[in-house]
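Notes for the one structure printed next.
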Amino acid sequence: MKLGFVMTLTAVALLSGCSIPASPSAVSSLSGLYGPPESGNTGATVKTGQQLTLGILYSQNTQINRAYLEHYQANAGTGFGQSLLVPAIRDAYIATSNPDLAVDWVKSALQRRFGTVTVYPDVEALKAAKPDVTVVIDTHSQLITPRSSDIESTTTAYFYDKHLNYIATATGHDATSLTPVWAGNKRSEDIVRDITQQQNVQINALHNFDRSLNDVLSR
């Protein structure tokens, strides 16, 4: 029997007693910020330009999701990850759970279209600053655990004008279901390949977000 296979079987046994953070349930997208839009896109134009200021708020979903990914990544490095006898598996978990991937991606996309982009800690600070456009970033992720190999990622941006009237929504989503990552007959390299899929799903969702954002901003 190959050493890698033996090590994988040992890791499966060890992981059965460990706790990998489970994906949190999504809450109302704009909970604690604004009421959700009553309908879909209004058809209104989102003004862009280097002369305009943009304010960003993170929804409750995003705050919870970032904490979940931070916990997932930290546990991969110092928690359940310590039980993994194959460093490549541990490294794959860490590399594919970046808590800032989605928010940094959205900020970068918006910085190319507005003069000043600022993230505000709360609604009160944003209202005091009075940016020309407000965006509420809403994200949700579901990553691999020993009990589930379903992967999902959604990133959404809700646009509001300077008076905080809803304008439009840009969103991107992707999901996939794999065979159980920790199936007993999988080699360590196959497990790494499966874990890498969770980053691919996140990137695909963000590319879909970019297409939706271009549609919203090109009206």
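Residue numbers for the sequence shown, in mature numbering (1 follows the signal peptide of the UniProt record, and there is no 0): -24 to -1, 1 to 195. Even glycine gets a Cβ: it sits at the ideal position worked out from N, Cα and C.
Helix, strand or coil at residue i according to DSSP, with G and I counted as helix
i: T130; result: strand
i: G11; result: Confidence is the limiting factor: at G11 the pLDDT is only 49, short of 50, which leaves the residue's position unreliable, though a coordinate-based value still follows. Here G11 sits in coil by DSSP.
i: H139; result: coil
i: I113; result: strand
i: D150; result: strand
i: A144; result: strand
i: D166; result: helix
i: D98; result: coil
i: N51; result: helix
i: Q178; result: helix
i: T155; result: coil
i: S84; result: helix
Those residues which DSSP pairs with residue i across a bridge
i: T92; result: T29
i: S124; result: T121
i: Y34; result: I113
Own chain, CB closer than 8 Å to residue i, minus 5 neighbours either side, in chain order
i: I127; result: Q118, L119, I120, A151, T152, S153, L154, Q173, Q174 and V177
i: D191; result: A146
i: Q26; result: F90 and G91
i: E100; result: none
Spatial neighbours of residue i in its chain, beta-carbon cut-off 7 Å, leaving aside the 5 residues before and after
i: I143; result: T18, A20, V22, F135, Y136 and D137
i: L77; result: Q178
i: S86; result: A small correction: the amino acid at residue 86 is Leu; Ser does not occupy that position in the sequence shown. So the qualifying residues of the chain are L30, V93 and V111.
i: S188; result: A146, T147 and G148
i: L102; result: G31, L33, Y96 and T110
i: P156; result: S125
i: L193; result: V22, T24 and R89
i: K106; result: K138
Cβ-based neighbour list, residue i, same chain, cut-off 6 Å, excluding 5 preceding and 5 following
i: T132; result: D114 and T147
i: P75; result: R42, L45 and E46
i: R195; result: T21
Contact belief for residue i with residue j at Cβ below 8 Å, rounded distance in angstroms
i: S124; j: A181; result: At roughly 18 Å, the Cβ-Cβ gap does not stay under 8 Å, so S124 and A181 are not in contact.
i: I167; j: T72; result: In fact, because the Cβ distance is near 12 Å, the residues do not count as touching under 8 Å.
Self-check item: Segment contact, 8 Å Cβ cut-off, at least three pairs: the segment 86 to 103 with the segment 31 to 39
Solution: Yes, they touch.
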